[in-house]
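First comes the structure, then the notes that go with it.
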Amino acid sequence: MRLAVAQAPANLPDPRARLDWLRAELPDIAAQGANLVLLPELFACGYNIGADLASRAEPVNGPTFDAMAKMAQEFNIAIHYGFSERSGDDLFNSALCVSAKGQCLVHQRKLAIPPGFERDYFSPGAGCELFELGRLKIATLICYDAEFGETVRHVAGMGAHLVLVPTALGADWGWVAKTMIPTRAYENGVYLAYANGAGTENGMDFLGASVIAAPNGAEDARAGSATEVLYADLDIARVKAAQDRLPYLNDRKLIVL
0 MRLAVAQAPA NLPDPRARLD WLRAELPDIA AQGANLVLLP ELFACGYNIG
50 ADLASRAEPV NGPTFDAMAK MAQEFNIAIH YGFSERSGDD LFNSALCVSA
100 KGQCLVHQRK LAIPPGFERD YFSPGAGCEL FELGRLKIAT LICYDAEFGE
150 TVRHVAGMGA HLVLVPTALG ADWGWVAKTM IPTRAYENGV YLAYANGAGT
200 ENGMDFLGAS VIAAPNGAED ARAGSATEVL YADLDIARVK AAQDRLPYLN
250 DRKLIVL
């Protein structure tokens, strides 16, 4: 499976502009042979947008899903995107993956809401679900979720070969993107794809530095600070080789504490 990670510009002003940007990029992404494109955290609405996190929130099957499904079918590519979800009186920082046939493959809510403005708006989600694409079993963890060793290990233990992490990482958190995230891939023997924004949104500077980390911790692709699309061909055999070489997932069960 060929994966594309889109490090999108953070300053796209509204949902319409965000969909327009993606539509303009998809012909080239599809021409590069990508089967799946990963977009940043809250891509559909924006991240550092204050009360608009509530006013732009929508249900899982809202207009953004309809627009993404149409583009997925038009360009024959699965699209994984973040959005602000409204469910009853609650808001969730959520992600959906829509298949190339326009069907929902997974709906994931952010598990751990970090300190700061997100706690003013979002409720935490619960549980993780895998989906399959191109023989790969795939999990989603949203930004802060992947900074906990327990969460990545949990989905790896469920059988995930690839962990998708849409994020909105600020420019002063370089160690997370450049050291922690490849380590998470290495210590679980899985692919880990990390999609951040680029540039500035309402005074918040984004780090960029999106990455596709291989099961041995190597960087198959790494972005700089500007808008960019990364590509990598994912091979399930590399997951098996990494987990056979370092069987952390099995040997952890032998530890007595």
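Going by numbering that gives the first Met the number 0, the sequence shown opens with residue 0, and the numbers climb by one from there. Just so it is clear, CB atoms sit at the ideal spot from N, CA and C, and this is done for glycine as well. All values derive from a computational prediction rather than experimental measurement.
Kindly provide the ranges of any alpha helix (DSSP H) runs that are 4 or more residues long and lie completely inside the stretch 143 to 219, ordered along the chain.
Runs found: 148 to 156 and 180 to 187.
Taking DSSP as the reference, what is the three-state secondary structure of Thr92?
The question names Thr, but residue 92 in the sequence shown is Asn. Residue state, collapsed to three classes: strand.
Whether or not the stretch 80 to 91 and the stretch 112 to 126 are in contact is what I'm after, with contact meaning three or more pairs of Cβ atoms, one per stretch, closer than 8 Å; do they touch?
They touch, by the three-pair rule.
If you draw a straight line from the alpha carbon of Ala71 to that of Ala16, how long is it in whole angstroms?
Linking Ala71 to Ala16 through their CA atoms gives a straight-line distance of about 17 Å.
DSSP-derived helix/strand/coil call for Ile28:
Looking at Ile28 - three-state DSSP - the assignment turns out to be helix.
Inspect the beta-carbon positions of Ala194 and Ser209 and report whether they are closer than 8 Å.
It is a contact, given that the beta carbons lie within the stated cut-off.
Ala197 to Phe205 span [Cα, whole Å]
A direct Cα-Cα distance of roughly 5 Å separates Ala197 from Phe205.
Contacting residues, own chain, Cβ-Cβ under 7 Å from Phe147 (five flanking each side not counted):
Sequence-distant partners of Phe147 (beyond 5 residues in either direction) whose C-beta falls short of 7 Å from its own C-beta, in its chain, are Ala111.
Extent of the continuous alpha helix (DSSP H) run through Ser54:
Element bounds for Ser54: Asp51 to Ser54.
Euclidean distance between Cα positions of Val259 and Ala5
The structure shown does not extend to residue 259, since the chain is modelled only from 0 through 256, so no value can be given for it.
Let me check understanding here. Comparing Cα to Cα, which of Met179, Phe74 and Arg134 lies closest to Val97?
Checked all of Met179, Phe74 and Arg134; the closest Cα to Val97 is Phe74.
Could you tell me the distance, in whole angstroms, from the CA atom of Ala23 to the CA atom of Arg251?
A straight-line Cα-Cα distance of about 46 Å links Ala23 and Arg251.
Using 8 Å as the threshold, is the C-beta distance between Leu163 and His79 below it?
For Leu163 and His79, yes; Cβs fall inside 8 Å.
Between His106 and the rest of its own chain, which residues show a CB-CB distance below 8 Å, the 5 nearest in sequence each way excluded?
Take His106, set aside five residues on each side of it, and the residues of its chain with a beta-carbon closer than 8 Å to its own are Val59, Ser93, Ala94, Leu95 and Glu128, in chain order.
Does the beta-carbon distance from Ala138 to Ala159 come in below 8 Å?
In this structure, Ala159 lies closer than 8 Å to Ala138 by Cβ.
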